Each structure stands twice: as structure tokens, then as C-alpha cells.
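Enquirer: Mind looking over this structure? Questions follow.
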Amino acid sequence: MNAVDRFEEGSPSWPVTRYLDKGGSALQDIPSALDDRQTLAALYAAMVRTRTFDQKAVSLQRTGRLGTYASSLGQEAVSVGIGAAMDPADVLLPAFRDHGAMLWRGVTMTEILQYWSGDERGCDYAGPREDFPVAIPVASQAPHAVGVAMAFQLRGEKRAALCILGDGATSKGDFYESINACGVWNLPAVFVINNNRWAISEPVAMQTAAETLAQKAVAAGIAGVRVDGNDVVAVRHVVGRALEEARSGRPQLVEALTYRLGDHTTADDARRYRDDAEVSARWQEEPVLRLRNYLVARDWWSKADEEALIRQVREDVDGAVEAYLALPPQPPAAMFDHLYAVLPPSLAAQRALLEDGDG
Amino acid sequence: MNAVDRFEEGSPSWPVTRYLDKGGSALQDIPSALDDRQTLAALYAAMVRTRTFDQKAVSLQRTGRLGTYASSLGQEAVSVGIGAAMDPADVLLPAFRDHGAMLWRGVTMTEILQYWSGDERGCDYAGPREDFPVAIPVASQAPHAVGVAMAFQLRGEKRAALCILGDGATSKGDFYESINACGVWNLPAVFVINNNRWAISEPVAMQTAAETLAQKAVAAGIAGVRVDGNDVVAVRHVVGRALEEARSGRPQLVEALTYRLGDHTTADDARRYRDDAEVSARWQEEPVLRLRNYLVARDWWSKADEEALIRQVREDVDGAVEAYLALPPQPPAAMFDHLYAVLPPSLAAQRALLEDGDG
Amino acid sequence: MAEVTLVEAVAMALGRAMDEDPTVLVLGEDVGRDGGVFRATEGLLDRFGPARVRDTPLAEGLIAGMCVGLGAQGFRPVAEIQFMGFVYPALDQIVNHASRLRNRTRGRLSCPMVMRMPMGTGIKAPEHHSESVESMFAHIPGLRVVIPSTPSRAYGLLLAAIRDPDPVIFLEPTRLYRAVREEVADDGAAAELDCCYVMREGSDLTLVTWGAMTRETLAAADALAEEGIEAEVIDVATLKPLDEETILDSVGRTGRCVIVHEAALTAGFGGEIAARLAEKALLSLAAPVRRVAGFDTVMPLPRLEDAYLPGIDRIVAAGRETVRFQ
Amino acid sequence: MAEVTLVEAVAMALGRAMDEDPTVLVLGEDVGRDGGVFRATEGLLDRFGPARVRDTPLAEGLIAGMCVGLGAQGFRPVAEIQFMGFVYPALDQIVNHASRLRNRTRGRLSCPMVMRMPMGTGIKAPEHHSESVESMFAHIPGLRVVIPSTPSRAYGLLLAAIRDPDPVIFLEPTRLYRAVREEVADDGAAAELDCCYVMREGSDLTLVTWGAMTRETLAAADALAEEGIEAEVIDVATLKPLDEETILDSVGRTGRCVIVHEAALTAGFGGEIAARLAEKALLSLAAPVRRVAGFDTVMPLPRLEDAYLPGIDRIVAAGRETVRFQ
Ligand SMILES: Cc1ncc(C[n+]2csc(CCOP(=O)(O)OP(=O)(O)O)c2C)c(N)n1
Ligand SMILES: Cc1ncc(C[n+]2csc(CCOP(=O)(O)OP(=O)(O)O)c2C)c(N)n1
Ligand SMILES: [Mg+2]
Ligand SMILES: [Mg+2]
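Residue numbers (our numbering), protein chains in the order written: chain B, 1 to 359; chain H, 360 to 718; chain V, 719 to 1044; chain C, 1045 to 1370.
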């Protein structure tokens, strides 16, 4: 099966922005705002951090210490690029595979693990208090972004809502309703489609006959652009520009082309439905090595840098895991604690039943 | 308020097909298949018939002999053009304002009145047995068209599903989901957007920032075209071509530009929200006179023809109204008759309660 | 003090709420210049402008989902769904998000939204304009489900709903929109949520109902009174969370209960109330509980609407039989 | 005869139905090459090809709406909704169209579709993978709502559902998918719809339940038997239309009833059953009806799933108290 071919750079009217080729060589000048060691090293570090965290989460799941988990392996550039492009004051509305963006914005690894362990407290982020939690029903976060963006507009704030969606999400009505509404009201919202070519077992060709996902913007009368989602420089730049546009009242759709190198979640076995050869080929394009090659070529990254980073990231991840494993469980009655602002008296008896351990 | 301007012929990439100008002069050669007296006179007669029927229905409502009714005043060309373009074997999935297409396909005036009087039997068409009944929830008929078209494809039949939607319907997710799915599966379906510029009190500009509604096809990767919906020749031709394309596995979106000259329904008062001046201006473009002018200019239509037609149509309408008014009411217990193929015994008691007149 | 209809009371409450709290927004289809198809938002656009009174694209899922975003940002959106029959596309947002956002984030984000919609039969409108699916909402944890039965109750309960920090499904019985006028002071006084209202006292029988059916039920109580049967009439008003005490207390005194609703019988909210009685008032019950409800069939088109609707006769008959039961 | 799990029985029934009737189609997300996320459609793509086993775009509303079109055209689509928590976008099509098409057209068009979906907790999946909102469907006239509780029942009921000329909501308890194996003959024999199944006979107490909770309920019945209490266990199986006779008959004999379900208590389907008892079995009731149900709060994320789920202990305690009640 090779149903994703036409999703390569094919469409001349919908060019793909890219700075680094697969091997990490620059194809054009890097945008000057990003063209310094510190900026690029930070993006690199964040991708390594995301991948390391991700691998740890999968292994925690395999050993029974985490629930079902959705890995972002291979898609770190999309997520980190988005995180880096956003202002802290913007609001993120992620799907369920956007750990890189969440981490960049200050959600802690411990919180993410806590959430995927099946504990609501993991969504009570100490960091970005206004960011939305992970959205499980596909595309259902899109209309929330409309509301958040409208709130910014009503208050006259120069902020944007950034909503991440999968390629599968572009089949759902709420996606279209939302981009269309943003067009009507000139809302400060950016929708990034993380086109990782698969929705569980369905390749993009099963989702749409459109040659690109960016062109779906045409239906809404808003701008749509494509970016190489494995080139973090390009993502950071294109999403940054999209956010600026959005904050000026021009909503944007960005299609980021990447690839889901891992299983859909830890509950999935992708070998049932896709060829290993396809996956191996895609490993040649993955974003982490690509940026490292570039950094190394520019003499901005040494073996010592790499070792120090790995050490630091491992330490951070291990610390987070330790903290996660040490978290005290929620008492059962906590399931009533945030049902309403104030628990109605009529529910007190049910809560008591739980507290008595009779539940 | 004049929010519909940009929906005029504005967009060069989305030209509007038109044969007759407002005054009924030919702007280009009429497609040869339509260019004979009989064909055009039939289209003209059907529009007159539709309008006469429509006015009668409104007056029946005003005098308490019909329920809420949605008039198609001014939009006859869209509806009749669709009806005429379809093969009898195609299946129509109308919205609630498509009387012209339904009548052309053989739904009787009596059936339409019966339906709008609040009697389900009006949907048990003696004529086109596979056509769908009126869809009240906006855009909800679109996915039905996907299913119907898939049925044709599965059976290898050269038939198409034709779904009519309002401009307001293009804001709803089911519309996008449906055109997108038709693209994926190359289904024999045509979606005609009856862009009458208003959705109750909301002009199209409140529905979308897209310059045209035809361009929404881009999101689905299918073909989209625009047609002057007040030029029945153009509608008949463009929809006919679209149906041919569809039957060959290329689904189509057609935007027909027309105008709702009347109130939204008999329960609405459009003067609350739109200027009389706008409506008067639109009367200059209406489809019935336009075609009559053309026919007269070609010497294909005489005063006698007109009088004979009016007489015939009045007779038909009066006959249909008489038959409608003479219909015996459904017995109350009929509300259980088609709930399931066979009424479950457990509901027999409820049905009996009604039959006893105790209900 | 003005004599107003229920729909005017709704408009009055909306105006009041927008006046006193700049975070209150009104949105929906045709709520702006048209003032809503029932005129519930009449005049609001002129008073508060298009930023706060917003005509939306025709998409109920979008409307509900936007409210979640606005609510999380501290606004108090009051959305209108044009008819209850068109609320289903919004259900995903209501059930999966609005009702859960506070819980999911452990209180970090919340959703102080109100979704208003006309419900029920009585205006002979086409299909899908006559739904009564309140029990679907009443099943969903995290929601409030409120149904007013008089103009003053509509005013007070709607203000309470808008001020409430959690999502409220506010169901307005179409049949009552213009049925009566009542003096309602525009004094900003909210009515109590989460409690039943006793509309009539009586010691022989308890009639439990809500929304539009309160009218037929009160009429039935009057008819029963002529037969010497004094019925207590309870307007549940807030279906969720349910104030069962008022109902249990009344049935504890009368020993007899008839529940009246327009929605289809099976899995209607009357079942929940009857169940509470079977659980908690069994020993008080001197007669079987009766439900007088819509039939378990599709609400017919207008011609048979009246035949579908539980009428005064059926309520009276059920009340009489319940009281006579030995 | 093979020993199969419930999910294998589902796959077996699907294969059988497709074999014997070329109008049967299977569609949904990942039902093709992947064989469904639970493998309920495993092997069907290879056997019947992509025309009849169709991976759809990710859009539940589309899936349901397509089924209406296919059904009207004489096909028998069997759609899979990946989890019950994702069914809400399909509700508009189910409620406003699938359940009404036959009625609306006076029998001219109909909708012989089946919507299968896994329901309930028990596999520690993320949010929205553990819903139990069967009562929402049970409220809708024109639908059948069917829930199997064993592999053989799943096979027989699914075949019956597919052959049924009207729309069926077929709810498969995730928790039971691989819980037990049972000998099931692939003989094409349908099981009866619209009736309850007595899983265990007993004269002291009636336990009424359905779906996954049949397991805990049977275990509770065993535990009660050790205390000398013989409980009859009724699997409702078809919630709508409800076979109330079997339940009334049993409670008529035992005089005591506990209803068990996983869904939230309020406006859950247990309320309907308790209401029927309060209406039609009052004089037989020797003790208050009890409901052992999910709490009226949002189903928690997996860590507290077990605390939410009504356990055997709660059923046993309720049964014991009901029997001891004087
Ligand atoms: C509305 C809805 N339907 C089905 C699912 C089950 N499901 C979870 S993820 C997924 C595929 C999503 O694909 P995509 O949008 O491309 O995101 P990705 O997983 O590739 O990141 C599906 C079908 C869901 N979560 N929500
Ligand atoms: C889902 C849904 N929401 C709301 C309504 C109420 N309503 C009936 S017609 C209409 C406007 C439809 O506009 P459009 O699609 O342009 O069709 P038109 O009436 O102009 O023919 C609305 C909002 C409805 N029928 N269905
Ligand atoms: Mg994907
Ligand atoms: Mg319109």
C-alpha cells in the first residue's frame, strides 16, 4: 500500500516551505530571526527532550506503569515548532499527540504522564493555565479554538488560539465549521494540521481526494499554507508567521507534512496495516537527525554538546518519572470534586457512598 | 444592509455560466440539446406551474388551510432546471424549498400540500418512489446522498444522487463531510447549492468568508462550478453536465445563484431584516419573465400560449387543492402504523389507548 | 411592572444579564437583527451591538463548541438553538466537553454557558420543531437542566442559569411562549435553581410535571377538585440535579402520584421520578404510580399533534383512578 | 463448534450475514485492513473485498447518514462506531433520520441498518472510551436497542439485528469482548429480539441487568446463594422495545427487585424499569426497588474506573437488604 504519494510536494499551487533537506543541508537561507546557534540548539534540544520523554512513556506503558499512550515519534518538529512559535499568551488547543508543544509551553512531563496514567490532575497544568487539555474526540477541539479566539477579539487582545489537528480530523464536520467561522469573523486563530499520513490504519487517501490538506482553507475563504513538518526551522517560521497574521485578524490553516513513525498508540500494532519498508523509508526524513546534521555542519553542535544534552534530558525525564510514580492516588470521592463548582446536595449521598469505601 | 455584493459575478476563477441575461437576451448560443421550442416551453411551463402552485400554497396558509410553508418564489429556475436535468432513475434528495424539482419528477401538488398540512402521507409519493422526502434539519440530507450514490456504485448502475442544499447549509459539517466522502469514493453524486443569498435573516456573508460557495469543492478535491440560478437554461445545462460527470464517477458541486424573493416561510417576516429596495432590485432578475422574454423574442411564445398555459396551470392547481382539501384525515392510531415494520406487541396498549379515543 | 409573556420574560432576563455583566454574550442563528425566530432576543442587537449579540453561521455543533471556548476564557455565552430538534449536532460538544471541562481540568477551566432552546409541541410547526428530549440531557453528569413554566419563573430561572458557574440546558416550552401574560418585575432577582416548585397544594394526590404540561396539569387539578379530589401540583423546574425531597415529601403525605410529561414515555424523565418513588416512598404509596406521557412513537406531523399530546382528560382519568385505587 | 470470545462471535456473525445476504455491508473507521480496533471485523476485507467492507473517512455523522441512504436503497449497512463516546456526532442522523424514515414516508423508505459500538468501562482506556448512554437511545421511538451479554447471545442477536428491517443500535460491552469463551455454532441461527433472557432462576429476589454487568450480577447471585438467597437474574438484552412481562412476572413471584447498570443512575434505563414496577407491580413489591448503578458523575479516567463501576459487593449488599426488608 502506498496511498500517500500524491501528498508529497506534488501540487505546484500549494508549495511546501522547507529550509533543510532530508539530510540537513540548507536549501535556502534560514530566516534571520532563527539563524543563530542558541535558537536552533533550543529547538534541537526540545525535540530530543520530546523524543526521549516519548520513548520513556512507551516503555512505562509496556511495563504496566502507564495507560494507553499516543507516541509522537517522528513528529517532534511539528509539535516543537508550534510550541516555539507561540507566544506564552497565546492559547494552545492540542489533540492527543502534541507533547512537544505542551512541554515547550510549560506543561510538565509529570503532568503528561499523570494524565495518561488515567488521573485528571494531570490536566491541571501548573504552567499554561489557559491552555486546553488534550482533546480525545477527534476535531472536537476546533470549535473551542473559535471561542477562545473570539474571546481575544472581544477583549481586543493581541493573542491567538492555536489548534492542532490530525489529518484524520480534516474529515470531520467540526473542523470545517470552525475554519469557516473563523473566516466569517476574522478571528485570531491558527489551525495546524499535523498530516502524519495515517489515521490509525487509514492513509490520507482514505480521508480525502483533495491533493493537499492546506487547500481546505479555500472552503473557508482563509489562507492555507504547507510546510515540511519534519523541518523544525520551517515549522517554527511558518507557524510564527501564521500566528502574526492571525493576531491581525487573518485566520490561517497550516498543513505540516510529517510521518507517524510509531504505532497509533500503545494499543495499536501498525504492522497489521502498513509496510515496514514504508516506515524505514520515512526514517530517512525524520526531524531530529536532520537538524543535528545541520547544526554539526555549521559547527554549532559538538559531540560534547550532544552528550551533555542527552545526560540532561535523561536526568529530567527520570526525575519526572520518579515524581510521577510517587504521586499519591486521588481518593475515589475526588470524582465528585469538580463535577460542579459546588456539589449539589442531592449528590452528597452518592459521594458519601464512595467515601465509605462502599463503592 | 448589502452584504451579498461579493457574491455577484466577482470571482474570475469561478465564472458564472449564463445564457440569458436579466432581460432574457441570449448572451451566447443556447446549448443545442435545449435549443428548441418544446424543451424551452416545457421549462417555462414548469416554472409558471411552480410559481402558481407556490402562491396558492401561501394563500392556503394565510387562510388557515395549510401549515407553515416555505415558498420558492424567485427560485423556480434552480428547482425546475434540476428536475429537468435529472433522469427519472436518478434520486433526488431535496431540502424544503425545492417544489419545482419535486413536481417535475412527479410528486403531485396534492402530496406536497398534504405534507405541509402536517400529514405524513404526503411523503408517500406515488411517483418517484426512491426520492427522499423533504429534509428539515439543514444539510442533514447530504450524507444520505452519499449512501444513495454508494448504492448505485455498488450495483454498477449509471444513476446519480442529486442533493439540494441552501447557502446556509454550507456552514454545516455534514455538508463538508459528504462532499469530501464523495471525492474519496468517486461517487455519482451532485450537490447543488441553492444560493438564494439568505438563511432566514442571515445574508451569505454571515455564513462564510469564501468568495463563492462553489469553491468549497476544493476542500473535497471535487469539481465545483457556478451557474446563474435565475437562468433555467443555464441550470438545466450545467446540472445536466454535472450529472453526466457524476454518473462517470466524478462527483460535482454546483452553486446556483438566485434570490429568495419571499419570506423565509409563512412564519417569517423578511421586512424585519432586509430592505425592500434590495428585493425590488432582485425582481429585475427573476427567472420566469426572463425566459418568457426570450421565448417571445424568438417567436416561440404567444399571448395565446400564455393564456392557455395559465388556464391549464390554474386548473391543475385548483384540482390539486380540491383533492387535497377532500383528503380524509389519518386516524390518530396511524401514528403507530409505520414506526416499525411490525409494531412490537409492547406498544399495542399505547396504540389501543389512542384507538379508544382516550388519547 | 410589565405584564409579559414567557418569551418576553426571556428577552427581559437576557437584557438584564447583559446589562449587569459585560461577559454575557448572546449567540445563535438569527438572534441579531431578526431578534430570534420567536423574538426571544428582540432588541438586544440594538442595545448591545453585534460583538455581544452575534448571528452565527448555521451550525449547532459550532455554536456549542464556541461556547466551550468562550466559557473557558471567562465569558458567559448564552446560545440559542433554534428548536430542540436541531440540538443533536451540538450534543457531542455538550456531552463530551461542556459538561466535563471543569472535571477534566480539576477546576482549572470551566464552562459557564447557557444553551437555550424552545421545546415541545403546540405551535403546529413542521417536523423536528416539537421535540421533548429533556431526559437525554438529564442523564448527563455535569449539566443542569432547567425548564420554566411561567413568565416570572422564566425570568428568574434564566438569570440564575446565566449566573451559574456551570453549563445549563435551558428549555423553553414553545407552547407557553405567548400563552399567558404575567406581571414580572425586571428587578434582577434570580429564582432558585435545583429545586421543585409547588404550584398548588393538595392532600389527596400529587401531580408531578414540568414545562408546558404544567398548564394541562393545573387544569386537570381544577377538574379533579370539582370531583372533590385535591391534587398537589409540583413543577420540577430543575430536572438535573433533581430535588427529590419535595416530591418525596408530597407523596409521603398524599400516598398517590401521577407524573405528567410530553416526552415519549420510555426512558423519559418521568421514569426517573417514578423510580425514586419505588425506591424511597414505597411504603407511602397507596396506589401504583402512574405516568401520563407522550406515546412511544415519533411525534407526528401537526395534524396528529393534539392526538399525541397527553391531554387534560388523560391526566384527570389517571388522577381519578389513582385516588380511587384501593 | 468453536470456542469463541464475544468479539469473535461478532466477527462470526458479520461474516455469516455477509455470506448469506449480498446487501449486507460493513463500514466504519479502521474496519478494513485493520479489522477494527477490537478485531470485530477481522478477516472480512479479505473475504468480501473493499466494496463491501469499507474504511470510511473519520466522521461518525457521515457514517450514520450514509447508512440512511444505503438503507433506503435496500442495503443493510452494519456500521461500526469505534467507541460509544464518539457516537454523539451521529446522533442527529440516528434520531432525526434513521429512526424516522419509515414513519415519515409511511413505509415507502426504510432504514434496515445496524450501528455497532463498544460500550462501557473495563479496559482502562482513555477518556470517552467508557460510555454507557444506552438510555439516550432507548428513549428514541423507532429504534431497537440491543446489548448482548455472552458470545452466543452476541452471535444470535447480531444476526437478528442485521436481518431486522428497522434500525438497531447494537451495543457491545467492551469488558466482555475477551472475558470468556463459549461454544458458538456458526449455524446462522438468530436469537430472539425484543425479549429478556432469564440467566438464572430464583425465587427470593429478581436481579435485572444487561450487558457487561450481567457478569457481576451473576457473581453476586452466587454470593447471595451462599447466604441462602436465591436470586433470579434477568438479562434485558433488548432495552427497546422492552419486554416488561418477563420482569413483571419475575417480580410478581419474588416481590423484590434490584436493578443493576453501569450507566449513571439518573435517567438511566434502570429508572424506566423501576417505573414499570411502580406502575404495574406495586402490590407485589415486598420491598423498595433498588438500583445499583454508576454514580451521577463523569466517568473518571482509568485510575478511578473501578471505584466508579458498581461492584459485586454493592449488588450483594443491595440484594441482601432488599430480601431482609420487612
Ligand atoms: C470522533 C472520534 N472518532 C474516533 C476516534 C478514535 N480515534 C482516535 S485517534 C483516531 C485517528 C486520528 O487520526 P488523525 O486525526 O490523523 O490523528 P493522528 O492519530 O494521526 O495523530 C481515531 C479514529 C476518536 N478519538 N474520535
Ligand atoms: C440544523 C438546523 N438548524 C436550524 C434550522 C432552522 N432553519 C430552518 S431553515 C434555516 C435557514 C436555511 O437557510 P438556507 O440553507 O440558505 O436555505 P433557505 O431557507 O435559504 O432555502 C434555518 C436556520 C434547521 N432547519 N436545521
Ligand atoms: Mg494522522
Ligand atoms: Mg438560503
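Glycine included, C-beta positions come from ideal geometry on N, C-alpha and C. Small disclaimer: the values here were computed from a predicted structure and weren't measured.
Where does E798(V) fall in DSSP's three states?
Expert: Position 80 of the third sequence, counting from 1, holds the residue named residue 798(V). Here E798(V) sits in strand by DSSP.
Enquirer: Curious, which full-length beta strand (DSSP E) runs of at least 3 residues does the stretch 1148-1236 of chain C contain?
Expert: With a minimum length of 3 residues, the continuous beta strand (DSSP E) runs that stay inside the stretch 1148-1236 of chain C are 1158-1163, 1188-1190, 1212-1217 and 1226-1228.
Enquirer: Among all the DSSP beta bridges, which residues are the ones paired with T956(V)?
Expert: Counting from one through the third sequence, the residue named residue 956(V) turns up at place 238. Answer by DSSP bridge pairing, in chain order: V864(V).
Enquirer: Check distances from the C-beta atoms of the stretch 513-545 of chain H to those of chain C and list, in chain order, the residues that come in under 7 Å.
Expert: Cβ contacts with chain C come from L513, G532, D533, E536, S537, N539, A540 and V543.
Enquirer: Could you check the C-alpha separation between E1023(V) and I1206(C) for me, to the nearest Å?
Expert: Stepping through the third sequence from its first residue, residue 1023(V) is reached at position 305. Stepping through the fourth sequence from its first residue, residue 1206(C) is reached at position 162. Distance between the alpha carbons of E1023(V) and I1206(C) is about 33 Å.
Enquirer: When DSSP builds the beta bridges, which residues end up paired with P203(B)?
Expert: Taking the first residue of the first sequence as position 1, residue 203(B) is located at position 203. Note: P203(B) sits in a beta bridge opposite W198(B).
Enquirer: Measure the alpha-carbon distance for R365(H) versus V563(H) and round it to whole angstroms.
Expert: By 1-based counting over the second sequence, the position of residue 365(H) is 6. By 1-based counting over the second sequence, the position of residue 563(H) is 204. Because the pLDDT at R365(H) is just 42, under 50, the model does not fix this residue reliably, and the value given afterwards should be weighed accordingly. Distance between the alpha carbons of R365(H) and V563(H) is about 10 Å.
Enquirer: D358(B) to D1340(C), Cα distance in whole Å?
Expert: Reading the first sequence from its first residue, position 358 is the one you call residue 358(B). Reading the fourth sequence from its first residue, position 296 is the one you call residue 1340(C). Legend: pLDDT at D358(B) = 46, less than 50; position of this residue unreliable, value from coordinates given subsequently. When rounded, the distance between both Cα atoms is 16 Å.
Enquirer: Less than 7 Å between C-beta atoms, sequence neighbours within five positions excluded: which residues of the same chain meet that for L187(B)?
Expert: The residue labelled residue 187(B) in the question sits at position 187 within the first sequence. These residues qualify, in order along the chain: V146, A149, M150, Q153 and P251.
Enquirer: At the level of alpha carbons, what is the spacing between E1323(C) and Y1221(C)?
Expert: Here residue 1323(C) corresponds to residue number 279 of the fourth sequence, with the count starting at 1. Here residue 1221(C) corresponds to residue number 177 of the fourth sequence, with the count starting at 1. Each residue's alpha carbon lies about 36 Å from the other.
Enquirer: Please report the straight-line C-alpha distance between L451(H) and R657(H), rounded to a whole angstrom.
Expert: The residue labelled residue 451(H) in the question sits at position 92 within the second sequence. The residue labelled residue 657(H) in the question sits at position 298 within the second sequence. Whole-angstrom Cα-Cα distance: 33 Å.
Enquirer: Among residues of its own chain, excluding the 5 on either side of A1362(C), which ones have a beta-carbon nearer than 7 Å to its beta-carbon?
Expert: Translated into the one-based positions of the fourth sequence, residue 1362(C) becomes position 318. So the list reads V1302, R1334 and V1336, once near-sequence residues are dropped.
Enquirer: To the nearest angstrom, how far is it from the Cα of G1118(C) to the Cα of L1153(C)?
Expert: Position 74 of the fourth sequence, counted from the first residue, corresponds to residue 1118(C). Position 109 of the fourth sequence, counted from the first residue, corresponds to residue 1153(C). In a straight line, the C-alpha of G1118(C) is about 9 Å away from that of L1153(C).
Enquirer: Name the DSSP bridge partner or partners of I359(H)?
Expert: Within the shown structure, residues of chain H are numbered from 360 to 718, placing residue 359(H) beyond reach of any answer.
Enquirer: Under 7 Å from any heavy atom of ligand 4, by CB: list those residues in chain order, please.
Expert: After applying the 7 Å Cβ criterion, the set is G525(H), D526(H), G527(H), N553(H), N554(H), N555(H), R556(H), W557(H), A558(H) and R619(H).
Enquirer: To the nearest angstrom, how far is it from the Cα of N2(B) to the Cα of E278(B)?
Expert: Along the first sequence, read from residue 1 onward, the residue named residue 2(B) stands at position 2. Along the first sequence, read from residue 1 onward, the residue named residue 278(B) stands at position 278. Its pLDDT being 33, under 50, N2(B) is placed unreliably in this model, and the value from its coordinates should be taken loosely. Computed Cα separation, rounded: 8 Å.
Enquirer: Using the beta-carbon of each residue, which ones in chain H are nearer than 8 Å to P1185(C)?
Expert: Locating residue 1185(C) in the fourth sequence gives position 141, where the first residue counts as 1. Per Cβ cutoff of 8 Å: L698.
Enquirer: Roughly how many angstroms lie between the CA atoms of L257(B) and W198(B), to the nearest whole one?
Expert: Within the first sequence, numbered from 1, the residue matching residue 257(B) stands at position 257. Within the first sequence, numbered from 1, the residue matching residue 198(B) stands at position 198. Each residue's alpha carbon lies about 11 Å from the other.
Enquirer: For L809(V) and Y1132(C), I'd like the C-alpha separation in whole angstroms.
Expert: The residue given as residue 809(V) occupies position 91 in the third sequence. The residue given as residue 1132(C) occupies position 88 in the fourth sequence. Approximately 6 Å between the Cα atoms of the pair.
Enquirer: Find the residues of chain H that neighbour G803(V), judging by a C-beta separation of less than 9 Å, and give them in chain order.
Expert: Counting from 1 along the third sequence, the entry for residue 803(V) is found at position 85. The contacting residues are I495 and P496.
Enquirer: Return the bridge partner residues of Y915(V) from the DSSP annotation.
Expert: Translated into the one-based positions of the third sequence, residue 915(V) becomes position 197. For Y915(V), which the question treats as bridged, DSSP gives the partners D953(V).
Enquirer: Below 7 Å CB to CB, which residues in the same chain sit around R1144(C) once its five sequence neighbours on both sides are set aside?
Expert: The count along the fourth sequence starts at 1 and reaches residue 1144(C) at position 100. Contacts found: G1186.
Enquirer: Within its chain, find whatever has a CB closer than 7 Å to the CB of A909(V); leave out the 5 residues flanking it on each side and keep chain order.
Expert: Here residue 909(V) refers to the residue found at position 191 when the third sequence is read from its first residue. Only R871, G874, L875 and A878 meet the Cβ criterion.
Enquirer: Can you tell me where the alpha helix (DSSP H) holding L103(B) begins and where it ends?
Expert: Here residue 103(B) refers to the residue found at position 103 when the first sequence is read from its first residue. Segment H99 to W104, the alpha helix (DSSP H) holding L103(B).
Enquirer: Considering only the alpha carbon of each residue, which of A1084(C), D1238(C), L1345(C) and D1063(C) lies closest to V1048(C)?
Expert: One-based indexing of the fourth sequence puts residue 1048(C) at position 4. Per the Cα distances, A1084(C).
Enquirer: Would you kindly work out how many angstroms separate the C-alpha atoms of L1251(C) and D1210(C), rounded to a whole number?
Expert: Translated into positions along the fourth sequence, residue 1251(C) becomes position 207. Translated into positions along the fourth sequence, residue 1210(C) becomes position 166. Each residue's Cα considered, the two are about 30 Å apart.
Enquirer: Taking C-beta pairs closer than 9 Å, name the residues in chain H that Q215(B) reaches, listed in chain order.
Expert: The residue labelled residue 215(B) in the question sits at position 215 within the first sequence. Chain H residues near Q215(B): V577, A578 and G580.
Enquirer: If we require 3 or more residues per run, which beta strand (DSSP E) segments fall completely within the stretch 1009-1037 of chain V?
Expert: For the stretch 1009-1037 of chain V, not a single whole beta strand (DSSP E) run of length 3 or above is found.
Enquirer: Taking 7 Å as the cut-off, is the C-beta of I1206(C) nearer than that to any heavy atom in ligand 5?
Expert: The model depicted lacks ligand 5 and carries ligand 1, ligand 2, ligand 3 and ligand 4 instead.
Enquirer: Under 8 Å, Cβ to Cβ, is there at least one residue of chain B near M784(V)?
Expert: If you number the third sequence from 1, residue 784(V) lands on position 66. Cβ-Cβ to chain B under 8 Å: yes for M784(V).
Enquirer: How would you list, in chain order, the residues of chain H whose beta-carbon sits under 7 Å from the beta-carbon of T1149(C)?
Expert: The count along the fourth sequence starts at 1 and reaches residue 1149(C) at position 105. Here the neighbours are C482, D483 and P492.
Enquirer: Taking I1303(C) as part of the beta strand (DSSP E), name the residues at either end of that continuous run.
Expert: Mapped onto the fourth sequence, residue 1303(C) falls at position 259. Run containing I1303(C): C1301 to A1308, per the beta strand (DSSP E) assignment.
Enquirer: Following a CB-centred definition, is A573(H) positioned closer than 7 Å to any heavy atom of ligand 2?
Expert: Residue numbering aside, residue 573(H) sits at position 214 when the second sequence is read from its first letter. No, since every heavy atom of ligand 2 falls outside the 7 Å radius drawn around the Cβ of A573(H).
Enquirer: What residue does the alpha helix (DSSP H) around R250(B) start on, and which one ends it?
Expert: Working through the first sequence from its first residue, we reach residue 250(B) at position 250. Neither: R250(B) is in no alpha helix (DSSP H) and is coded neither H nor E.
Enquirer: Once you ignore the five residues that flank T571(H) on each side, which residues in its own chain have a CB closer than 7 Å to its CB?
Expert: Position 212 of the second sequence, counting from 1, holds the residue named residue 571(H). Cβ neighbours of T571(H) beyond the five flanking positions: S370, W373, R585 and E614.
Enquirer: Does I471(H) have its Cβ less than 8 Å from a Cβ in chain V?
Expert: Against the second sequence, residue 471(H) aligns to sequence position 112. No - not a single Cβ of chain V is within 8 Å of the one on I471(H).
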